[in-house]
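Colleague: No gaps in the numbering here: position 159 of the sequence shown is 162 in the numbering used here, and each next residue is one more.
Let me give you the structure first, and then I'll get to my questions.
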Amino acid sequence: MRLLIPLLSLLLPVYAQQYDVVLKGGHVVDPKNGVNAVRDVAIKGNRIAAVAPSIPASAGGRIIDVSGLYVTPGLVDIHAHVYAGSRGSTTNGGYKSVYPDHLTFRTGVTTVVDPGSTGWRDFPDFRRHVIETAETRVLAMINIAGSGILAYELEQNVNDLDPKKTAEVARQHKDVVVGIKSAHWWAANFLSVERAVEAGRLANIPVMVDFGYFLKERPYSQMVSEILRPNDMSTHFYRWPAPLLEDGKPAEFLIAARRRGVKFDVGHGGGSFHFRLAEPLVKAGFYPDSISTDMHAPSVIGSMQDMPTTMSKFLVMGMPLVEVIRASTTNPATQVLRPELGQIAVGAEADIAVLRLDKGKFGYADAIGGKIEGNERLSCEMTLRAGKVVWDYNSRDARPWRTSDLKYPEK
Numbered sequence: 004m005r006l007l008i009p010l011l012s013l014l015l016p017v018y019a020q021q022y023d024v025v026l027k028g029g030h031v032v033d034p035k036n037g038v039n040a041v042r043d044v045a046i047k048g049n050r051i052a053a054v055a056p057s058i059p060a061s062a063g064g065r066i067i068d069v070s071g072l073y074v075t076p077g078l079v080d081i082h083a084h085v086y087a088g089s090r091g092s093t094t095n096g097g098y099k100s101v102y103p104d105h106l107t108f109r110t111g112v113t114t115v116v117d118p119g120s121t122g123w124r125d126f127p128d129f130r131r132h133v134i135e136t137a138e139t140r141v142l143a144m145i146n147i148a149g150s151g152i153l154a155y156e157l158e159q160n161v162n163d164l165d166p167k168k169t170a171e172v173a174r175q176h177k178d179v180v181v182g183i184k185s186a187h188w189w190a191a192n193f194l195s196v197e198r199a200v201e202a203g204r205l206a207n208i209p210v211m212v213d214f215g216y217f218l219k220e221r222p223y224s225q226m227v228s229e230i231l232r233p234n235d236m237s238t239h240f241y242r243w244p245a246p247l248l249e250d251g252k253p254a255e256f257l258i259a260a261r262r263r264g265v266k267f268d269v270g271h272g273g274g275s276f277h278f279r280l281a282e283p284l285v286k287a288g289f290y291p292d293s294i295s296t297d298m299h300a301p302s303v304i305g306s307m308q309d310m311p312t313t314m315s316k317f318l319v320m321g322m323p324l325v326e327v328i329r330a331s332t333t334n335p336a337t338q339v340l341r342p343e344l345g346q347i348a349v350g351a352e353a354d355i356a357v358l359r360l361d362k363g364k365f366g367y368a369d370a371i372g373g374k375i376e377g378n379e380r381l382s383c384e385m386t387l388r389a390g391k392v393v394w395d396y397n398s399r400d401a402r403p404w405r406t407s408d409l410k411y412p413e414k
């Protein structure tokens with residue numbers, strides 16, 4: 004008995020630490036679960052273990068003070084070209100794509116969806132070299148053009164728009180393939196879109212369409228009203244001169260398309276976002292279903308910049324913060340059939356963004372240099388992916404080196 008008591012006293016502190024990490028004092032915004040309040044968030048392993056008004060410091064191995072900050076689900080960017088490689092000036096294995104880990108975590112993004120950089124021919128290589136090596140969760144859509152986005156001219160090859168082969172590869176890789184993409188179609192018909200929808204039907208996954216520019220022979224209203232199915236997505240939604248306004252208000256066909264389940268995605272990119280469309284639609288309450296970046300090398304050094312900047316544009320145009328978070332987390336996750344993502348709930352994987360909302364005077368540009376100003380800007384303070392701190396802007400998870408018991412490596 005005398006030996007047992009000292010042993011128990013040594014074990015008690017271990018058992019008292021129920022969690023590995025506790026994020027303390029942050030304002031949790033979790034639209035999926037209706038949470039919009041100051042809460043502590045506890046993590047055990049790679050999962051959310053508790054969300055509560057107050058979690059005792061003694062229960063956590065590491066306490067990270069996030070008071071004054073917003074704690075949101077890890078951001079989900081469903082339009083990000085990440086098949087980077089050495090294949091020249093292309094997004095299909097070339098240097099126009101961005102390797103995901105180089106930009107995602109520092110901007111609060113924990114999940115990206117590559118929207119059709121590859122077709123059925125190149126997808127296995129993309130999976131081996133990027134999807135399976137990145138720490139970021141990488142999902143993908145397969146381009147209906149077998150060549151992928153190797154060159155816009157190749158996407159016009161009618162003989163390469165193969166629904167059966169595209170769907171076959173999608174089914175073979177259904178753990179990571181979440182959609183079909185139609186993009187950059189030039190002809191005055193809907194052939195690329197129709198074949199993408201057919202592939203989506205065969206594989207039972209949604210379609211995202213980059214409709215390109217607008218021709219009277221193929222009305223945009225017809226595509227979203229008759230061809231796209233519920234949960235299919237129209238991206239680059241705010242690209243001028245899309246015919247989306249009637250007397251300065253959202254066109255009736257848009258409202259009808261949304262009512263039947265078509266989704267509208269931002270896909271900002273380097274040339275596909277214009278305030279001339281975005282501001283009137285946002286002020287009328289027609290918000291995007293999903294906020295995405297169209298991340299690629301030119302757009303990240305252009306006016307798009309990153310996910311928090313794109314989110315901030317909608318915030319200062321009048322979209323409420325909770326709706327901006329919804330369109331950057333649970334909405335896109337649900338659109339790509341991964342509803343378990345984009346939330347902070349007990350049992351969910353611990354993908355978390357800690358965001359700072361700065362007050363001041365900030366300027367934002369669109370794709371042609373149009374400018375708006377606002378007094379708010381979101382930026383990323385910390386990111387956790389599967390319970391691990393992967394970005395820590397102000398070193399909140401570090402310890403003072405002079406007074407801690409840090410172990411430095413031996414020679």
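A virtual CB, placed ideally from N, CA and C, is assigned to each residue, including glycine.
Measuring CB to CB, does Arg-50 end up less than 8 angstroms from Glu-343?
Modeller: Start at 1 with the first residue of the sequence shown, and residue 50 comes out as number 47. Start at 1 with the first residue of the sequence shown, and residue 343 comes out as number 340. No; because the gap between Cβ atoms is not below 8 angstroms, this pair is not in contact.
Colleague: For the alpha helix (DSSP H) that Asp-80 lies in, which residues bound it at each end?
Modeller: Within the sequence shown, residue 80 is the residue found at index 77, counting from 1. Unbroken run through Asp-80 is the beta strand (DSSP E), 78-80; no alpha helix (DSSP H).
Colleague: Between Thr-107 and the ligand SAM, is the CB less than 7 angstroms from at least one heavy atom?
Modeller: No copy of the ligand SAM appears in this structure; indeed no ligand is present at all.
Colleague: Count the other CB atoms, across all protein chains shown, that sit within 10 Å of the CB of Pro-349; report buried if there are 16 or more and exposed otherwise.
Modeller: Residue numbering aside, residue 349 sits at position 346 when the sequence shown is read from its first letter. The sequence shown places Val at residue 349, not Pro. Val-349 should be labelled exposed.
Colleague: Considering only the beta carbon of each residue, do Thr-75 and Thr-332 sit closer than 8 angstroms?
Modeller: The sequence position of residue 75 within the sequence shown is 72, counting from 1. The sequence position of residue 332 within the sequence shown is 329, counting from 1. A contact, by the Cβ cut-off of 8 angstroms.
Colleague: Compute the Euclidean distance between the alpha carbons of His-84 and Arg-221, then round it to the nearest angstrom.
Modeller: As a position in the sequence shown, residue 84 is number 81, starting the count at 1. As a position in the sequence shown, residue 221 is number 218, starting the count at 1. Roughly 27 angstroms between the two C-alpha positions.
Colleague: Using a threshold of 8 angstroms, state whether the C-beta atoms of Val-44 and Ile-328 are closer than that.
Modeller: As a position in the sequence shown, residue 44 is number 41, starting the count at 1. As a position in the sequence shown, residue 328 is number 325, starting the count at 1. No, they are not a contact pair.
Colleague: Since Ala-310 is in the beta strand (DSSP E), which residue starts that stretch and which ends it?
Modeller: For the purposes of this step, residue 310 is identified with residue 307 of the sequence shown, where counting begins at 1. Looking at the sequence itself, residue 310 is Met, so the reference to Ala does not match. Segment 310-320 is the alpha helix (DSSP H) holding Met-310; no beta strand (DSSP E) there.
Colleague: Measuring alpha carbon to alpha carbon, tell me which of Tyr-223, Gly-366, Phe-317, Val-339 ends up nearest Val-196.
Modeller: Within the sequence shown, numbered from 1, the residue matching residue 196 stands at position 193. Val-196 has its Cα closest to that of Tyr-223, out of Tyr-223, Gly-366, Phe-317, Val-339.
Colleague: Grouping DSSP H, G and I as helix and E and B as strand, with all else coil, what is Val-265?
Modeller: By 1-based counting over the sequence shown, the position of residue 265 is 262. Looking at Val-265 - three-state DSSP - the assignment turns out to be coil, as it is neither helix nor strand.
Colleague: Run the CB neighbour count on Asn-334, radius 10 Å, all protein chains shown included, and call it buried at 16 or more, exposed below.
Modeller: The residue given as residue 334 occupies position 331 in the sequence shown. Flag for Asn-334 reads buried.
Colleague: Bridge partners of Ser-185, per DSSP?
Modeller: Taking the sequence shown and counting its residues from 1, the one referred to as residue 185 is at position 182. Answer by DSSP bridge pairing, in chain order: Val-212.
Colleague: Checking the sheet assignment: what are the DSSP bridge partners for Met-298?
Modeller: Indexing the sequence shown from 1 puts residue 298 at position 295. Partner(s): Ala-83.
Colleague: Rounding to the nearest angstrom, what Cα-Cα distance links Ser-302 and Lys-414 in this structure?
Modeller: Here the question's residue 302 lines up with position 299 in the sequence shown. Here the question's residue 414 lines up with position 411 in the sequence shown. Rounded to whole angstroms, Ser-302 to Lys-414 spans 44 angstroms at the Cα level.
Colleague: Please give the ranges of any beta strand (DSSP E) in the segment 68-142, keeping only runs that are unbroken, at least 3 residues long and fully inside the region.
Modeller: Here the runs fully enclosed are 73-76, 78-80, 112-118.
Colleague: Since Leu-358 is in the beta strand (DSSP E), which residue starts that stretch and which ends it?
Modeller: The sequence position of residue 358 within the sequence shown is 355, counting from 1. Start and end: 355-368.
Colleague: Determine the DSSP secondary structure at Gly-29, reduced to helix, strand or coil.
Modeller: Indexing the sequence shown from 1 puts residue 29 at position 26. It is a strand residue.
Colleague: For Lys-2 and Pro-118, which I take to be in contact (beta-carbon distance under 8 angstroms), what is that distance rounded to the nearest angstrom?
Modeller: Any answer about residue 2 is impossible in this case: the structure gives the chain only from 4 up to 414.
Colleague: Looking at Ile-145: is its Cβ nearer than 8 angstroms to the Cβ of Gly-111?
Modeller: The residue given as residue 145 occupies position 142 in the sequence shown. The residue given as residue 111 occupies position 108 in the sequence shown. Taking 8 angstroms as the Cβ cut-off, Ile-145 and Gly-111 do not qualify as a contacting pair.
Colleague: Whose C-alpha, out of Leu-318, Ala-143, Asp-104, is nearest the C-alpha of Ala-137?
Modeller: Residue mapping note: residue 137 aligns to position 134 of the sequence shown, counting from 1. That would be Asp-104, whose Cα lies nearest to the Cα of Ala-137.
Colleague: Going by C-alpha to C-alpha distance, which of Leu-218, Ala-401, Lys-252, Met-211 sits closest to Arg-232?
Modeller: Mapped onto the sequence shown, residue 232 falls at position 229. Among Leu-218, Ala-401, Lys-252, Met-211, the Cα nearest to that of Arg-232 is on Met-211.
Colleague: Just the Cα atoms here: how many angstroms apart are His-239 and Asp-128?
Modeller: For the purposes of this step, residue 239 is taken as residue 236 along the sequence shown, with counting starting at 1. For the purposes of this step, residue 128 is taken as residue 125 along the sequence shown, with counting starting at 1. Whole-angstrom Cα-Cα distance: 27 angstroms.
Colleague: Going by Cα to Cα distance, which pick from Asp-178, Asp-165, Val-69, Arg-380 is closest to Ser-315?
Modeller: Mapped onto the sequence shown, residue 315 falls at position 312. Among Asp-178, Asp-165, Val-69, Arg-380, the Cα nearest to that of Ser-315 belongs to Arg-380.
Colleague: Return the chain-ordered list of same chain residues with a C-beta closer than 8 angstroms to the C-beta of Lys-362, the five sequence neighbours on each side being excluded.
Modeller: If you number the sequence shown from 1, residue 362 lands on position 359. If we look at Lys-362 and ignore the five residues flanking it on each side, its Cβ neighbours are Asn-378, Glu-379.
Colleague: Is it buried or exposed for Ile-371, if we count other Cβ within 10 angstroms and need 16 for buried?
Modeller: For the purposes of this step, residue 371 is identified with residue 368 of the sequence shown, where counting begins at 1. Exposed, because fewer than 16 other Cβ atoms sit within 10 Å of the Cβ of Ile-371.
Colleague: For Leu-389, which of Val-180, Ala-356, Tyr-86 has the nearest alpha-carbon?
Modeller: For the purposes of this step, residue 389 is identified with residue 386 of the sequence shown, where counting begins at 1. One detail in the question is off: residue 389 reads as Ala in this sequence, not Leu. Out of Val-180, Ala-356, Tyr-86, Ala-356 has the C-alpha closest to the C-alpha of Ala-389.
Colleague: For Ile-58, which residues in the same chain have their Cβ closer than 6 angstroms to its Cβ, ignoring the five residues on either side in sequence?
Modeller: As a first step, residue 58 must be located in the sequence shown, where it is residue number 55. Cβ within range, chain order: Val-25, Asp-43, Ala-45.
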